[in-house]
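In our numbering, the protein residues as written are 1274 to 1666.
Notes for the one structure printed next.
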Ligand code: PHB
């Protein structure tokens, strides 16, 4: 009897130790349904691909992804899911998130529970100031729209700004306007459209009537990008001589085949294109096709998640699977990769945002298919310009 009790206690101790030392739980919240429900799987596939490629480096530590659907821009749902993952499932990390409002809603949970949170998409500049436990491996809209404005000021005199009415849209409008007008251009109108189901034909008619040299659009990637493109062409804005420009969200790689030739010649600024010819990207795209099918292509959401998985793997390796939140954040802040598919990247230890290149891209046909061809590098190590400007104030 006594012996049995001892043996049982021993077994419990042993299994508890094994469980904590060998499994890292990641609460992975993204959008599998609702607006942009097609983007969640890009995020998850990218994380799984990186983990599979680097499994041997983990020294036997298991990584468990607890995937949850936030159903699109739905902060209440995201907050509730994060709460459950932290309290009930006791995750070591939070990760994922397409939409800004969701990331904002999760910030207090990361802070209170001291759970490091790797943001793999949501791009409003202010997000990372909301919790010291956040790090972002994706982008900010300022990073793309500010250099876009600088470049556009050299080409065009007048611009019309049309953006989705939520955080990243406001950032895109503000960043573009600031840079475009500092460069001598004039933004003739700033219009914000509802995030879901705006009447694109009506908005495009107003743009046509205003006759700007260029139309700058931000929408949250996905199917909305194709709706913009279609209405731009149906209302004849291209024929009226108006140039469509924007951050890369408007020509997101996975939607190009649905857009058709109307997308040809559209110029965007972004940190990632699946068509980029640098070796690290060719390897990434090839690995993606091998894993998920020859007709599949990664996009900017995928690369944000792929590098997000890389930063997590680094934290696991350095701590041998026993994650301490403060130590994890220190590792995140020091992380860099000279060879990401998007080029050299690093985390800015001051802001916990990513430093990365920004490319001017033009939609062209490559091998008979539409592609975002990088035509110029506008910056090699771009920090979030919003935070840089805040520092100067
Ligand atoms: C965001 O909500 O921050 C967001 C969503 C989709 C994008 C970019 C940013 O394409």
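Each residue gets a CB set at the ideal place from its N, CA and C atoms; glycine is no exception.
With a threshold of 8 Å on Cβ separation, who are the neighbours of residue 1529 within its own chain once the five nearest residues in sequence on each side are excluded?
Counting only Cβ-Cβ distances below 8 Å, and skipping sequence neighbours, we find 1536, 1636, 1642, 1643, 1644 and 1645.
For the beta strand (DSSP E) holding residue 1450, just list the boundary residues, first then last.
Following the DSSP letters along the chain, one finds residue 1450 in no beta strand (DSSP E) but inside the alpha helix (DSSP H) bounded by residues 1440-1455.
As a quick check of your reading: which residues have a C-beta less than 5 Å from at least one non-hydrogen atom of the ligand PHB, in chain order?
Here the list is 1372, 1373, 1395, 1396, 1441, 1493, 1494 and 1522.
What is the residue span of the beta strand (DSSP E) that residue 1631 lies within?
Its beta strand (DSSP E) spans residues 1627-1639.
Can you give the Cα-Cα distance for residue 1580 and residue 1305, rounded to whole angstroms?
Straight across, the Cα-Cα distance linking residue 1580 with residue 1305 is about 20 Å.
So is residue 1432 buried or exposed if we call it buried at 16+ other beta carbons inside 10 Å?
When all chains shown are included, residue 1432 counts as buried.
Using beta-carbon positions only, say whether residue 1334 and residue 1589 come within less than 7 Å of one another.
Result yes, Cβ atoms of residue 1334 and residue 1589 sit closer than 7 Å.
Cβ-based neighbour list, residue 1647, same chain, cut-off 7 Å, excluding 5 preceding and 5 following
For residue 1647, same chain residues with a beta-carbon under 7 Å away, outside a window of 5 residues either side, are 1546, 1549, 1632 and 1634 in chain order.
In terms of alpha-carbon separation, which member of 1610, 1398, 1518 and 1618 lies closest to residue 1443?
Checked all of 1610, 1398, 1518 and 1618; the closest Cα to residue 1443 is 1398.
Length of the line joining the Cα atoms of residue 1515 and residue 1460:
Approximately 14 Å, taken between the alpha carbons.
Rounded to a whole number of angstroms, what is the C-alpha to C-alpha distance between residue 1414 and residue 1428?
Taking the straight line from one Cα to the other gives about 21 Å.
Should residue 1659 be flagged as near chain B, meaning a C-beta pair shorter than 7 Å?
The structure shown has no chain B; it contains just one protein chain.
Report the start-end ranges of each alpha helix (DSSP H) in the region 1508-1532 that is 4 residues or longer and not cut off at the edges.
With a minimum length of 4 residues, the continuous alpha helix (DSSP H) runs that stay inside the region 1508-1532 are 1529-1532.
CA-to-CA distance, residue 1485 to residue 1371, given in whole angstroms:
About 32 Å.
Could you check if residue 1362 is buried or exposed, using at least 16 other CB atoms within 10 Å of its CB as the buried criterion?
Classification for residue 1362: exposed.
Under DSSP, the alpha helix (DSSP H) around residue 1322 begins and ends at which residues?
If you look at residue 1322, you'll find it in the alpha helix (DSSP H) that goes 1312-1326.
Within the continuous alpha helix (DSSP H) that includes residue 1584, where are the two ends?
Unbroken alpha helix (DSSP H) run through residue 1584: 1573-1591.
Reducing DSSP to helix, strand and coil, say where residue 1617 ends up.
In the structure shown, residue 1617 sits in a strand (DSSP, three-state: E or B).
Hey, residue 1441 and residue 1396 are a contact pair by Cβ (cut 8 Å); roughly how many whole angstroms apart?
With 8 Å as the limit, residue 1441 and residue 1396 qualify as a contact, their Cβ atoms being about 5 Å apart.
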